[in-house]
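Every letter in the sequence shown is one number past the one before it in full-length UniProt numbering, and letter 286, counting from 1, is 286.
Cβ atoms here follow ideal geometry from the backbone N, Cα and C, with glycine treated the same way.
Computed from a prediction, not measured in an experiment: that's the story for all the values here.
Written below as structure tokens is the structure these notes are about.
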Amino acid sequence: MLAVLLLTGCIANGGNTPATSGPPISVQDAPASNAPLETTQASTKIPVYWIGRSKDNVYLYREFRDISGDENPVTTALRIMMAQKPLDHDFFTPWQDPGSLATSISGKNVITVDISRDAFNANLDAGMAQRAVQQLVYTASAAASSSGLINSGQQIQVVILVDGHTDFMAFGQVKLGQPMARDASLVAPLWIIDPQEDASVPAGAVKFNGRSTDSSKPVNWQILQDNGSGTRTSKLTGQAKPTGDPGQYGVFSFGATLKPGKYELRVVQVDESGRADETTLDTRLFKVE
Numbered sequence: 001m002l003a004v005l006l007l008t009g010c011i012a013n014g015g016n017t018p019a020t021s022g023p024p025i026s027v028q029d030a031p032a033s034n035a036p037l038e039t040t041q042a043s044t045k046i047p048v049y050w051i052g053r054s055k056d057n058v059y060l061y062r063e064f065r066d067i068s069g070d071e072n073p074v075t076t077a078l079r080i081m082m083a084q085k086p087l088d089h090d091f092f093t094p095w096q097d098p099g100s101l102a103t104s105i106s107g108k109n110v111i112t113v114d115i116s117r118d119a120f121n122a123n124l125d126a127g128m129a130q131r132a133v134q135q136l137v138y139t140a141s142a143a144a145s146s147s148g149l150i151n152s153g154q155q156i157q158v159v160i161l162v163d164g165h166t167d168f169m170a171f172g173q174v175k176l177g178q179p180m181a182r183d184a185s186l187v188a189p190l191w192i193i194d195p196q197e198d199a200s201v202p203a204g205a206v207k208f209n210g211r212s213t214d215s216s217k218p219v220n221w222q223i224l225q226d227n228g229s230g231t232r233t234s235k236l237t238g239q240a241k242p243t244g245d246p247g248q249y250g251v252f253s254f255g256a257t258l259k260p261g262k263y264e265l266r267v268v269q270v271d272e273s274g275r276a277d278e279t280t281l282d283t284r285l286f287k288v289e
């Protein structure tokens, strides 16, 4: 479980922690985004972003959650983000389940999210508040894009209203009400897509895949097996090469033949010197049955 040192108040994965102070920041302080949107897919799952810590860094990570065909995908994804716990025990959300939540999309690819102020029942420092706001921006735009509600080939912006009004200070730090794009600097450099946390897969050939923000960097992977005594033994290691242009987002995949048991997958990017960059580490627990 990751230690969350920057929050105070109740958060979705439990615990009260102190916050550090900082001056209010504006969403316009964030750099322009080149973070790609999710592609449209025929699926009963929607993408939801969470906050997670990798060594000394804090990033946004994505999971997929179930949705029925008659639900509003954007509203549903945001409700999951605020009211439910992430599947991965290393992730968390500082948002609270709001009393009211509504979303709409304009013809100019602008998503408007109107939430009640009780969603902000936590005090955060400036950096964590910015990540929380971007967590909402990423989730709303991902759900709309993957559902085909917006044109993923164009710039998408998100406007956050609180009780119908602009200029609310989110978590006491970030001024809302102006259109916001994704901040590419806050998304995790590397994450595992499949399997999801605690998923069960059939014994035999198991396929793994993930996403990297830099296709020029190879990905080292390691599979460890649970010994049943609180320890794990390394079973397999390898390296995968993400697809895509150098310096751009890409996906990686590899396979392994596994017997029934409990396992952990660990992935890290390899830097230009050939060393594993542990600050990019992502892990995933799964079962083979």
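Residues near residue i by beta carbon distance below 8 Å, same chain, minus five either side
i, result
"Ala-32", "Note on Ala-32: pLDDT 45, under 50, position unreliable in the model; no value is reported."
"Thr-243", "Ser-215, Gly-250, Val-251, Phe-252"
"Pro-73", "Ile-46, Ile-67, Ala-143, Ala-144, Ser-146, Ser-147, Leu-149"
"His-165", "Gly-177"
"Asp-167", "Lys-175, Leu-176, Gly-177"
"Ala-140", "Val-74, Ala-77, Leu-78, Thr-103, Ile-111, Val-113, Val-158"
"Gly-69", "Thr-44"
Contact set for residue i: own chain, Cβ-Cβ below 7 Å, skip 5 residues either direction
i, result
"Lys-259", "Ala-203, Val-288"
"Pro-98", "Met-82, Ile-115, Ser-116, Asp-118, Ala-119"
"Trp-191", "Tyr-61, Arg-62, Gly-210, Arg-211, Asp-282"
"Ala-276", "Asn-220, Val-268, Val-270"
"Arg-65", "Lys-45, Ile-46, Val-48, Ile-80"
"Gly-261", "Gln-225, Asp-226, Val-288"
"Tyr-59", "Gly-52, Leu-186, Val-187, Ala-188"
"Lys-205", "It should be pointed out that residue 205 corresponds to Ala in this sequence rather than to Lys. Here the set comprises Gly-255, Thr-257."
"Ser-234", "Gln-222, Leu-224"
"Val-137", "Val-158, Met-180, Arg-182"
Cβ-Cβ separation, residue j to residue i (assumed contact under 8 Å), whole Å
i, j, result
"Val-268", "Leu-281", "5 Å"
"Val-113", "Val-158", "6 Å"
"Leu-55", "Thr-279", "One detail in the question is off: residue 55 reads as Lys in this sequence, not Leu. With 8 Å as the limit, Lys-55 and Thr-279 qualify as a contact, their Cβ atoms being about 5 Å apart."
"Arg-266", "Gln-222", "5 Å"
"Glu-264", "Arg-232", "6 Å"
"Trp-50", "Pro-94", "About 10 Å separates the two Cβ atoms, so there is no contact after all."
Cβ neighbour criterion (16 or more within 10 Å) applied to residue i
i, result
"Pro-246", "exposed"
"Lys-207", "exposed"
"Gly-250", "buried"
"Ala-129", "buried"
"residue 306", "No answer is possible for residue 306: the residues shown for the chain start at 1 and end at 289."
"Ser-273", "exposed"
"Ser-200", "exposed"
"Gly-255", "exposed"
"Thr-103", "buried"
"Gly-238", "exposed"
"Gly-52", "buried"
"Thr-257", "exposed"
"Asp-163", "exposed"
"Ala-132", "buried"
"Ala-126", "buried"
"Gln-84", "exposed"
"Asp-88", "buried"
"Gln-28", "No answer about Gln-28 holds up, because its pLDDT of 39 lies below 50 and its placement is not dependable."
"Asp-90", "buried"
Same chain, Cβ closer than 6 Å to residue i, five either side skipped, listed in chain order
i, result
"Gln-134", "Asp-183, Leu-186"
"Asp-194", "Asn-209"
"Ile-160", "Val-113, Leu-176"
"Leu-236", "Ile-223, Ala-256"
"Asn-57", "Thr-279"
"Gln-248", "Ser-215"
"residue 296", "Residue 296 lies beyond the stretch modelled for the chain, which goes from 1 to 289, so this question has no answer here."
| message | Whether or not the stretch 172 to 181 and the stretch 75 to 83 are in contact is what I'm after, with contact meaning three or more pairs of Cβ atoms, one per stretch, closer than 8 Å; do they touch? | response | The stretch 75 to 83 and the stretch 172 to 181 do not touch, with fewer than 3 CB-CB distances between them shorter than 8 Å.
| the stretch 144 to 163 touching the stretch 102 to 110, judged by at least three CB pairs closer than 8 Å | Between the stretch 144 to 163 and the stretch 102 to 110, the count of Cβ pairs shorter than 8 Å is three or higher; the stretches touch.
| request: Entirely within the stretch 114 to 170 and at least 4 residues each: give me those alpha helix (DSSP H) ranges in chain order. | output: As for any alpha helix (DSSP H) of minimum length 4 sitting wholly inside the stretch 114 to 170, the runs are 126 to 146, ordered along the chain.
| field | Complete runs of the beta strand (DSSP E) confined to the stretch 238 to 288 [at least 3 residues] | value | Complete beta strand (DSSP E) runs here, min 3: 250 to 258, 261 to 270, 276 to 288.
| query | Enumerated in chain order, which unbroken segments of the alpha helix (DSSP H) with a length of 4 residues or greater are wholly contained in the stretch 62 to 124? | reply | Secondary structure remark: continuous alpha helix (DSSP H) runs of at least 4 residues inside the stretch 62 to 124, in chain order: 73 to 83.
| message | What ranges does the beta strand (DSSP E) occupy inside the stretch 164 to 238, keeping only unbroken runs of at least 3 residues that lie completely in it? | response | Along the length of the stretch 164 to 238, whole beta strand (DSSP E) runs at least 3 residues long occupy 190 to 194, 199 to 201, 204 to 212, 219 to 226, reported in chain order.
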